[in-house]
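A.B. asks: This is the structure, below, for whatever I ask next.
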Amino acid sequence: MSLTFIFIGITVAISLYAWNNQSIMNKWIMNPYAV
């Protein structure tokens, strides 16, 4: 399995986890005004 598919799988898994957990999504969303 290539490294690209591994990264895509990790990204999809993290995205699904964040969509199901609102507090995690709010912490992980990029907020440029806070930077």
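For this note's numbering, count along the sequence shown from 1 and bump the result up by 3. For glycine and all other residues, C-beta sits at the position ideal for the given N, C-alpha and C.
#1: Would you check if the distance between the CB atom of I11 and the CB atom of Y20 is smaller than 8 Å?
#2: Roughly how many angstroms lie between the CA atoms of L6 and A16, to the nearest whole one?
#3: By DSSP, does I17 sit in helix, in strand, or in coil?
C.D. replies: A quick look at the data gives this:
#1: As a working note, residue 11 is residue 8 in the sequence shown. As a working note, residue 20 is residue 17 in the sequence shown. No, Cβ-Cβ distance for I11 and Y20 is not below 8 Å.
#2: Counting from one through the sequence shown, the residue named residue 6 turns up at place 3. Counting from one through the sequence shown, the residue named residue 16 turns up at place 13. So the alpha carbons of these two residues sit roughly 15 Å apart.
#3: Taking the first residue of the sequence shown as position 1, residue 17 is located at position 14. The answer is helix: DSSP assigns I17 an H, G or I state.
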